[in-house]
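Enquirer: Residues 463 to 899 (the numbering used here) are what the sequence shown spells out, left to right.
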Amino acid sequence: MANMSKPGSHTLKVYEANGGYRALRKAIREMTPDQVTDTVKQSGLRGRGGAGFPTGLKWTFLPKNHPGPIYMCINADESEPGTFNNRYLMELDPHQVIEGIILSCYATKAVTAYLYIRVEYPLSRKRLQSAIDECYAAGLLGKNILGSQFSLDIYIHVGAAAYICGEETGLIESLEGKRAWPRIKPPFPAVEGLFRKPTIVNNIETLCCVPHIIKRGKEWFQSIGVPPDPNNPRDMGSYGPKLYCISGHVNKPCCVELPLGVTARELIDKHGGGVWKGRQAKAVVPGGISMGFFSAAELDTPLDFNGPGKVGCLGLGTAAVVVIDDQTNMVDVLYNCCRFMSHESCGQCTPCREGTNWMTRILDRIRSGNGRTEDLNLLVEVAASMGIIPGTTICGLSDGAAWPVKNAIAKFRGDFETYINEGRRTRSKADELMAVH
Ligand SMILES: Cc1cc2nc3c(=O)[nH]c(=O)nc-3n(C[C@H](O)[C@H](O)[C@H](O)COP(=O)(O)O)c2cc1C
Ligand code: SF4
463 MANMSKPGSH TLKVYEANGG YRALRKAIRE MTPDQVTDTV KQSGLRGRGG AGFPTGLKWT
523 FLPKNHPGPI YMCINADESE PGTFNNRYLM ELDPHQVIEG IILSCYATKA VTAYLYIRVE
583 YPLSRKRLQS AIDECYAAGL LGKNILGSQF SLDIYIHVGA AAYICGEETG LIESLEGKRA
643 WPRIKPPFPA VEGLFRKPTI VNNIETLCCV PHIIKRGKEW FQSIGVPPDP NNPRDMGSYG
703 PKLYCISGHV NKPCCVELPL GVTARELIDK HGGGVWKGRQ AKAVVPGGIS MGFFSAAELD
763 TPLDFNGPGK VGCLGLGTAA VVVIDDQTNM VDVLYNCCRF MSHESCGQCT PCREGTNWMT
823 RILDRIRSGN GRTEDLNLLV EVAASMGIIP GTTICGLSDG AAWPVKNAIA KFRGDFETYI
883 NEGRRTRSKA DELMAVH
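#1: Excluding five sequence neighbours on each side, which residues of the same chain lie with their C-beta closer than 7 Å to the C-beta of P965?
#2: Mind listing, in chain order, the continuous beta strand (DSSP E) runs of no fewer than 3 residues lying wholly within the segment 759-820?
#3: Compare the beta carbon distance of C671 and G702 with 8 Å and say whether it is the shorter of the two.
#4: Please look up how many angstroms separate the CB atoms of G655 and Y483, rounded, as I've assumed it's under 8 Å.
#5: Could you please give the first and the last residue of the uninterrupted alpha helix (DSSP H) stretch that includes P673?
#6: For R580, which residues from the same chain have a beta carbon less than 6 Å from its beta carbon, with the 5 sequence-adjacent residues on both sides left out?
#7: I'd like to confirm the pairing. Which residues does DSSP put opposite N537 in its beta bridges?
#8: If you run the structure through DSSP and keep just helix, strand and coil, what is V498?
#9: Please state whether DSSP places I851 in a helix, a strand or coil.
#10: Contact between the segment 839-848 and the segment 657-666 is defined here as three or more beta-carbon pairs at a separation below 8 Å; is this criterion met?
#11: Taking 7 Å as the line, does the beta carbon of S804 fall inside it for any heavy atom of ligand 1?
#12: For the alpha helix (DSSP H) that D615 lies in, which residues bound it at each end?
#13: Kindly examine ligand 1 and report whether one of its heavy atoms sits closer than 7 Å to the Cβ of L859.
#14: Compute every distance between the C-beta of N665 and the non-hydrogen atoms of ligand 1, then say whether any falls below 7 Å.
#15: Within 10 Å of its beta-carbon, does Y617 have 16 or more other beta-carbons around it, so buried, or fewer, so exposed?
#16: Examine ligand 2 and report whether any of its heavy atoms sits within less than 7 Å of the Cβ of G750.
#17: Using 10 angstroms around the beta-carbon of A479, count the other beta-carbons present and answer buried if the total reaches 16, otherwise exposed.
#18: Cβ-heavy atom distance between Y550 and ligand 1 below 7 Å?
#19: For ligand 2, is there a heavy atom less than 7 Å away from the beta-carbon of I856?
#20: Are the CB atoms of I536 and N664 within a distance shorter than 8 Å?
#21: May I ask you to list the residues that DSSP assigns as paired with P748?
#22: Is C716 near ligand 2, judged by its Cβ being under 7 Å from some heavy atom?
#23: With C-beta atoms as the reference, is M821 less than 8 Å away from A745?
#24: With a 10 Å radius around its C-beta and 16 neighbouring C-beta atoms as the bar for buried, classify T668 as buried or exposed.
#25: Please name the residue in K605, F683, G511 whose C-alpha comes closest to that of C627.
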């Protein structure tokens, strides 16, 4: 985020004056595409879009010496609730995004890049388009970039802003002009993606790390963050900086850049100005609502790729922290999460389409004062039956719908029981109008 506070940070002049496009010049003049891929792989960079998949490794899944085109899709759908870090990058440092895209296309030999952005981000789109135009005029995009054999075109595609358009194969379907129904994998996009050609999908923040890795080296990247947990053979470490979003019941909602591995408590107290109105946090969403919840006792959990899983959350997700204060009712919070997921489910898989709707209806019944304590086990049973993890759905939206339910009932069961036993009601007339079922 170093450039963002500088006046005119979105222009080519200011970006270049602060070292911009030096990594690209270095890569094109001194490195082969495979060397760029190797450097990114060895840096340990993992995707910032939610799944945390190793970026360089993903690039190596592309077929070698592919005779046809390879495509790069840049995921700027930013659809996970609570997440707004991509927006900062696109609005305030669009050339950093473009340099990351050009470098990644050079590494993967992609000939065309499609930047998929949601319609609700008009300033991001405007700034990216003018950055692209500046790059064409300066010979940084188009034919024979910087006099090399490497050519690249970037197109911006505006999506209508559905959550499922952020899922990589839903995004590809949408780019092809179809309904954003995720595809069954395999084949993975690296083998058969956009227009059935090998395709890499990466998040905006992931790509913004690439110029820094090329310019400063993999050792520099690994000097930030957390090494692999020796007790977890599957942990690949959490290296590099991360843009953490902090919102909800805090005094100062913001987006901050910090080394991976800070705790939720540090984010809330030091950067978010503490919980608002002098209250305490009851629950915290660690990485977008699809990751589940931390309880107040879990706020010292490190927000790296390994930490949230240790306390029963789905993962780090987008590292978007949403704070829920102690005056807030978890029944209402969970109802909101389920209503969102039910509305956003694309409907292809029965467990997701029906399950998200059933969970919303059960919670709505509880909020109408007609809940039964056995509803809590029913909610857990429905949640356990849906998702890639139990193997019943095509994409991860379903796991992201199940996790808040599993976590909320496991960690805040007392709140739910008290609510039901006291016959409380929080369903309003407005909720009736908004009900999706
Ligand atoms: C329902 C759903 C929504 C998603 N939304 C986004 C999104 O808005 N932005 C994003 O980068 N990744 C999103 N993802 C993850 C993408 O499928 C994919 O893993 C990611 O774009 C890969 O980029 P990365 O490796 O650079 O993180 C979503 C996944 C699911 C299941
Ligand atoms: S899991 Fe849900 S959102 Fe994903 S493909 Fe199936 S129905 Fe659609």
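The beta-carbon is built from N, C-alpha and C at its ideal position, and this holds for glycine as well.
Expert: Considering the structure as presented:
#1: With the chain covering only 463 through 899, there is no way to say anything about residue 965.
#2: 782-787
#3: Translated into positions along the sequence shown, residue 671 becomes position 209. Translated into positions along the sequence shown, residue 702 becomes position 240. Yes; because the gap between Cβ atoms is below 8 Å, this pair is in contact.
#4: Taking the first residue of the sequence shown as 1, we reach residue 655 at position 193. Taking the first residue of the sequence shown as 1, we reach residue 483 at position 21. About 28 Å separates the two Cβ atoms, so there is no contact after all.
#5: Counting from 1 along the sequence shown, the entry for residue 673 is found at position 211. 666-678 is the extent of the alpha helix (DSSP H) around P673.
#6: What you label residue 580 is simply residue 118 of the sequence shown in a count that begins at 1. So the list reads D539, G621, A623, once near-sequence residues are dropped.
#7: The count along the sequence shown starts at 1 and reaches residue 537 at position 75. Its beta-bridge partners are Y578, N665.
#8: Along the sequence shown, read from residue 1 onward, the residue named residue 498 stands at position 36. In the structure shown, V498 sits in a helix (DSSP, three-state: H, G or I).
#9: Position 389 of the sequence shown, counted from the start, is the residue given in the question as residue 851. Correct three-state label for I851: coil.
#10: no
#11: Along the sequence shown, read from residue 1 onward, the residue named residue 804 stands at position 342. Not so, every heavy atom of ligand 1 lies at least 7 Å from the Cβ.
#12: Translated into positions along the sequence shown, residue 615 becomes position 153. Annotation: D615 is outside any alpha helix (DSSP H); the continuous beta strand (DSSP E) that includes it extends over 615-621.
#13: Within the sequence shown, numbered from 1, the residue matching residue 859 stands at position 397. Yes, since a heavy atom of ligand 1 falls inside the 7 Å radius drawn around the Cβ of L859.
#14: Taking the first residue of the sequence shown as 1, we reach residue 665 at position 203. Yes, Cβ of N665 sits closer than 7 Å to a heavy atom of ligand 1.
#15: Here residue 617 refers to the residue found at position 155 when the sequence shown is read from its first residue. By the 10 Å Cβ count, Y617 comes out exposed.
#16: Taking the sequence shown and counting its residues from 1, one reaches residue 750 at position 288. G750: no, Cβ never under 7 Å from ligand 2.
#17: Position 17 of the sequence shown, counted from the first residue, corresponds to residue 479. Classification of A479: exposed, given that the 10 Å Cβ count is below 16.
#18: Indexing the sequence shown from 1 puts residue 550 at position 88. Checking the Cβ of Y550 against ligand 1 gives no.
#19: For the purposes of this step, residue 856 is taken as residue 394 along the sequence shown, with counting starting at 1. Checking every heavy atom of ligand 2 against the Cβ of I856, one is found closer than 7 Å.
#20: Indexing the sequence shown from 1 puts residue 664 at position 202. Indexing the sequence shown from 1 puts residue 536 at position 74. Yes, the pair counts as a contact, with Cβ atoms nearer than the cut-off.
#21: What you label residue 748 is simply residue 286 of the sequence shown in a count that begins at 1. The partner list for P748 (beta bridge, DSSP) is empty, contrary to what the question assumes.
#22: Here residue 716 is taken as the residue at index 254 of the sequence shown, counted from 1. The answer is no for C716.
#23: Locating residue 821 in the sequence shown gives position 359, counting from the first residue. Locating residue 745 in the sequence shown gives position 283, counting from the first residue. It is not a contact, given that the beta carbons lie outside the stated cut-off.
#24: The residue labelled residue 668 in the question sits at position 206 within the sequence shown. By the neighbour-count rule (16 or more Cβ atoms within 10 Å), T668 is buried.
#25: Mapped onto the sequence shown, residue 627 falls at position 165. With distances taken between Cα atoms, C627 lies closest to G511.
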